[in-house]
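**Q** Got a structure for you, written out below as structure tokens; questions coming shortly.
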Amino acid sequence: MPEWYRINQVKLRLDQEFDALPRIIAEELKLEPSQIQRCIVRRKSLDARGRRRPSFIMNVDFLWAGDPMTIEERILGRDNLSRVIPPHVRQIVAGEERLVHRPVVAGTGPAGLMAALRLAEAGYCPLILERGDGLAQRIQAVERFWNEGVLDPECNIQFGAGGAGTFSDGKLVTRIKDPLALDVLETLTELGAHLEITYEAKPHVGTDRLRGMVAAWEERISRAGGEFQYRTRISGPVIRDGRLAGVKLSDGSQIPADVLVLATGHSAREIYQDCMAQGLVLEARPIAVGFRVEHPQVLVDRSQYGTWAGEPRLGAADYRLTHHYAAGNRGVYSFCMCPGGMVVAAASEPDGVVTNGMSFYDRDSGIANSAIVAAIRPDEYDGDGRLAGGEFQRYWERKAFQLGGGDYKAPGQRVADFLAGVTTKQWTDLTPTYRPGVLPTNLDQSLPPFIVEAIRDGLRRFEQLIPGFARQGVLTGVETRTSSPVRINRRDDLQAERAQGVYPCGEGSGYAGGIVSAAVDGLRAAEAVILRYKPFEK
1 MPEWYRINQV KLRLDQEFDA LPRIIAEELK LEPSQIQRCI VRRKSLDARG RRRPSFIMNV
61 DFLWAGDPMT IEERILGRDN LSRVIPPHVR QIVAGEERLV HRPVVAGTGP AGLMAALRLA
121 EAGYCPLILE RGDGLAQRIQ AVERFWNEGV LDPECNIQFG AGGAGTFSDG KLVTRIKDPL
181 ALDVLETLTE LGAHLEITYE AKPHVGTDRL RGMVAAWEER ISRAGGEFQY RTRISGPVIR
241 DGRLAGVKLS DGSQIPADVL VLATGHSARE IYQDCMAQGL VLEARPIAVG FRVEHPQVLV
301 DRSQYGTWAG EPRLGAADYR LTHHYAAGNR GVYSFCMCPG GMVVAAASEP DGVVTNGMSF
361 YDRDSGIANS AIVAAIRPDE YDGDGRLAGG EFQRYWERKA FQLGGGDYKA PGQRVADFLA
421 GVTTKQWTDL TPTYRPGVLP TNLDQSLPPF IVEAIRDGLR RFEQLIPGFA RQGVLTGVET
481 RTSSPVRINR RDDLQAERAQ GVYPCGEGSG YAGGIVSAAV DGLRAAEAVI LRYKPFEK
């Protein structure tokens, strides 16, 4: 009977296709190619080091139909060859407690949608509340803001169907080792993502594909018994005697509830005050703030690929840069790098400017952008208390609004001028892509001096690593929403401290950083509900 084996570090040249894998594996292991019946790529990364021609490095599962002893002999002498161990099938047994009311899921980002999907398909009929609009109306609201500078505080790049990730690069890179990450990736492929996200070392979806996937996600949840209510903002949980009694809405009404999966995202700042008032335990978290930097994509491609830049199969190159600012003992680093993308307006509150990065699946805009941010500790916020981080963000977002002219244009500066301390008068080689527009200025006043100096030091170092980084780059301010400045403490069973029935999860609750980790956290929250309660009976 054929058996599955895994071989790591298989090299595939740029001029070779996947169908060459059986022959390549057979040659390396001195096997008969015809006995390799099937190959499945499990991991694919790019090796572009040095001056040699770039190649893809893969981990591959293959089905061997030949003599099993032939393979067993190879395993004994190789550290990159092993048997494939069948995955453990997780069994989630529903609990015994009865739900008087169906579970409520607040938020439709990856945490909320994954939680809602798991609950719906397990028979719990969740009610999903989202403060923004459904997908079609949300796209119109975002485009109006970008084109006309008219902001809808309830529906924008942060709020609405799909959460903030709907308008992003859709990066699926994650550092978590949770086995549920593969479940999330496989769910995303079922919703329309390309199969490559399950094996690429740096997978991404692209905002154009994400929008279709969000619609498919909602449809699947609805078919399974979930119900969506848009333009419905929660103010917070209602806690009585340490237990959830209901969900309070912004219009003053209440929804009775036994379970609330709180997945409101890192920009729903209003929720934290009400959570504290209801007795939930919150703590301040460190964040990072800075600017968006843009360069011609060809500059990044040449720095990463050398003379091989432009090879179609290599695509648009990315980078990951880090620096330690010794004078301030502070990390400076690139964040959310978007090859072939654009900088977008991401404000969600009136009179504030927030930047973010976005790209489509093909990453073919010709412009590379990334946040360049410096870390900041809670004791460095301008105010005291657990919510000081949000107020810190808000202060500098409003400062950027003023520096940009007061009409949602952003302040910007050439990197070379920023390093020289010279005000930018006009754009030369590269014009920032941010809409509604960027006002050339001096960014020294757009963030605290200790952050500005740290970023300056980091940019000088990055120029050494990628020649032209300072000479050809432009900065747009400010990037403030890198992560939640608050964590809602929860117990081992994922319920909030002092609030039984409330399950904080995702980025907004301080337990994730990106699409995959947020979705995994939402999935875990849903399974914690399932382990405690019986399916909901209408």
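Numbered by my numbering, the letters in the sequence shown go through residues 1 to 538 in order.
Backbone N, C-alpha and C define an ideal beta-carbon position, used for all residues, glycine too.
Taking the Cβ atom as the reference point for each residue, do P443 and Q413 lie within a distance shorter than 8 Å?
**A** If you number the sequence shown from 1, residue 443 lands on position 443. If you number the sequence shown from 1, residue 413 lands on position 413. Correcting the residue identity first, residue 443 is Leu in this sequence and not Pro. Cβ atoms of L443 and Q413: closer than 8 Å.
**Q** Suppose the cutoff is 7 Å on Cβ atoms and the five residues either side in sequence are ignored; what does the same chain contact list for E537 look like?
**A** On the sequence shown, position 537 is the one that residue 537 refers to. Cβ neighbours of E537 beyond the five flanking positions: none.
**Q** What residue range is occupied by the uninterrupted beta strand (DSSP E) comprising E294?
**A** Indexing the sequence shown from 1 puts residue 294 at position 294. First-last of the beta strand (DSSP E) with E294: I287 to P296.
**Q** Check V516 in the structure and name its three-state DSSP category.
**A** Here the question's residue 516 lines up with position 516 in the sequence shown. Helix at V516.
**Q** So within the stretch 92-150, which uninterrupted beta strand (DSSP E) runs reach at least 3 residues, ignoring any that extend past its ends?
**A** If we require 3 residues or more, the beta strand (DSSP E) runs fully inside the stretch 92-150 come out as 104-106 and 127-129.
**Q** Pick helix, strand or coil for S334, following the three-state DSSP scheme.
**A** The sequence position of residue 334 within the sequence shown is 334, counting from 1. Correct three-state label for S334: strand.
**Q** Quick one: Cα of Q304 to Cα of M337, how far?
**A** Residue 304 sits at position 304 when you count from the first residue of the sequence shown. Residue 337 sits at position 337 when you count from the first residue of the sequence shown. Those two C-alpha atoms are separated by around 14 Å.
**Q** Between R127 and E17, is the Cβ-Cβ spacing less than 8 Å?
**A** Reading the sequence shown from its first residue, position 127 is the one you call residue 127. Reading the sequence shown from its first residue, position 17 is the one you call residue 17. Per the sequence shown, the amino acid found at residue 127 is Leu instead of Arg. No, these two residues do not count as a Cβ contact at 8 Å.
**Q** Judging by CA-CA distance, which residue of P312, G389, V293 and A528 is the nearest neighbour of M358?
**A** Along the sequence shown, one-based indexing puts residue 358 at 358. Minimum Cα distance to M358 is reached at V293.
**Q** Taking three-plus beta-carbon pairs below 8 Å as touching, is the stretch 217-233 in contact with the stretch 460-479?
**A** No: fewer than three Cβ pairs fall under 8 Å.
**Q** Please name the residue in A346, G132, L195 and V89 whose C-alpha comes closest to that of I40.
**A** Numbered from 1 along the sequence shown, position 40 holds the residue referred to as residue 40. Checked all of A346, G132, L195 and V89; the closest Cα to I40 is L195.
**Q** For the beta strand (DSSP E) that A371 lies in, which residues bound it at each end?
**A** Numbered from its first residue, the sequence shown carries residue 371 at position 371. Where A371 is concerned, the enclosing beta strand (DSSP E) stretches over I367 to I376.
**Q** Are the Cβ atoms of A263 and G405 separated by less than 8 Å?
**A** Taking the first residue of the sequence shown as 1, we reach residue 263 at position 263. Taking the first residue of the sequence shown as 1, we reach residue 405 at position 405. No, the pair does not count as a contact, with Cβ atoms beyond the cut-off.
**Q** Is R240 buried or exposed, if buried means 16 or more other CB atoms sit within 10 Å of its CB?
**A** Taking the first residue of the sequence shown as 1, we reach residue 240 at position 240. It is exposed - the Cβ of R240 has fewer than 16 other Cβ atoms within 10 Å.
**Q** Find out if the Cβ-Cβ distance for the pair A371, I455 is shorter than 8 Å.
**A** What you label residue 371 is simply residue 371 of the sequence shown in a count that begins at 1. What you label residue 455 is simply residue 455 of the sequence shown in a count that begins at 1. Contact: no.
**Q** My understanding is that G170 touches T207, with C-beta atoms under 8 Å, so please give their C-beta distance in whole angstroms.
**A** Translated into positions along the sequence shown, residue 170 becomes position 170. Translated into positions along the sequence shown, residue 207 becomes position 207. Right, their Cβ atoms sit about 6 Å apart.
**Q** Excluding sequence positions up to five away, which residues of its chain have a Cβ less than 8 Å from the Cβ of L244?
**A** Translated into positions along the sequence shown, residue 244 becomes position 244. Counting only Cβ-Cβ distances below 8 Å, and skipping sequence neighbours, we find P237, V238, A257, D258, V259, L260, A499, Q500, G501 and V502.
**Q** Can you give, in chain order, each stretch of the beta strand (DSSP E) that sits fully within the stretch 309-354 and has at least 3 residues?
**A** Listed in chain order, they are 322-325, 330-338 and 342-345.
**Q** Confirm, please, whether the CB-CB distance from S446 to L403 is below 8 Å.
**A** Locating residue 403 in the sequence shown gives position 403, counting from the first residue. Locating residue 446 in the sequence shown gives position 446, counting from the first residue. Their beta carbons are under 8 Å apart, which means L403 touches S446 by this criterion.
**Q** Within 10 angstroms of the Cβ of H88, are there 16 or more other Cβ atoms? Answer buried if so, exposed if not.
**A** On the sequence shown, position 88 is the one that residue 88 refers to. H88 should be labelled exposed.
**Q** I'd like the ranges of any alpha helix (DSSP H) spanning at least 4 consecutive residues and lying wholly in the stretch 193-278.
**A** As far as the stretch 193-278 is concerned, its whole alpha helix (DSSP H) runs of at least 4 residues are 207-223 and 270-277.
**Q** At the level of alpha carbons, what is the spacing between R138 and T355?
**A** Translated into the one-based positions of the sequence shown, residue 138 becomes position 138. Translated into the one-based positions of the sequence shown, residue 355 becomes position 355. Their backbone Cα atoms lie some 18 Å apart in a straight line.
**Q** So V438 packs on E397, CB below 8 Å; how close in whole Å?
**A** Within the sequence shown, the letter at position 438 stands for residue 438. Within the sequence shown, the letter at position 397 stands for residue 397. Between E397 and V438 the Cβ distance is about 15 Å, and since that is not below 8 Å, they are no contact.
**Q** Report the rounded CA-to-CA distance for S334 versus R74, giving the unit in angstroms.
**A** Residue mapping note: residue 334 aligns to position 334 of the sequence shown, counting from 1. Residue mapping note: residue 74 aligns to position 74 of the sequence shown, counting from 1. C-alpha separation (whole angstroms): 43 Å.
**Q** Going by beta carbon distance, what residues of the same chain come within less than 6 Å of S55, once the five residues before and after it are set aside?
**A** The sequence position of residue 55 within the sequence shown is 55, counting from 1. Hits under 6 Å: K11, R13 and D47.
**Q** Taking the Cβ atom as the reference point for each residue, do Q426 and P440 lie within a distance shorter than 8 Å?
**A** Taking the sequence shown and counting its residues from 1, one reaches residue 426 at position 426. Taking the sequence shown and counting its residues from 1, one reaches residue 440 at position 440. Yes, these two residues count as a Cβ contact at 8 Å.
**Q** Quick one, are the C-beta atoms of P350 and A284 less than 8 Å apart?
**A** For the purposes of this step, residue 350 is identified with residue 350 of the sequence shown, where counting begins at 1. For the purposes of this step, residue 284 is identified with residue 284 of the sequence shown, where counting begins at 1. No. Outside cutoff.
**Q** Straight-line CA distance for V281 to C125?
**A** Indexing the sequence shown from 1 puts residue 281 at position 281. Indexing the sequence shown from 1 puts residue 125 at position 125. Distance between the alpha carbons of V281 and C125 is about 29 Å.
**Q** What does DSSP give as the partner residues of E479 in its beta bridges?
**A** Position 479 of the sequence shown holds residue 479. E479 is bridged to G290.
**Q** Who are the near neighbours of R330 in its chain, counting only those whose CB is closer than 6 Å to its CB and skipping five residues on each side?
**A** Mapped onto the sequence shown, residue 330 falls at position 330. Excluding sequence neighbours, R330 sits near A374, A375 and A454.
**Q** Are the stretch 168-185 and the stretch 506-526 in contact at 8 Å, needing three or more beta carbon pairs?
**A** They touch, by the three-pair rule.
**Q** DSSP three-state label for K399, please.
**A** In the sequence shown, the residue the question calls residue 399 occupies position 399. Note: K399 maps to helix in three-state DSSP.
**Q** DSSP three-state call for Y503: helix, strand or coil?
**A** Start at 1 with the first residue of the sequence shown, and residue 503 comes out as number 503. Looking at Y503 - three-state DSSP - the assignment turns out to be strand.
**Q** Per DSSP, which one or two residues make a beta bridge with C39?
**A** Position 39 of the sequence shown, counted from the first residue, corresponds to residue 39. DSSP lists F62 as partners of C39.
**Q** Compute the distance between the beta-carbons of W4 and Q35, then report whether it is under 8 Å.
**A** Here residue 4 corresponds to residue number 4 of the sequence shown, with the count starting at 1. Here residue 35 corresponds to residue number 35 of the sequence shown, with the count starting at 1. Not a contact, by the Cβ cut-off of 8 Å.
**Q** Taking 8 Å as the CB-CB limit, is M358 close to chain D?
**A** The question asks about chain D, but that chain is absent: this structure has only one protein chain.
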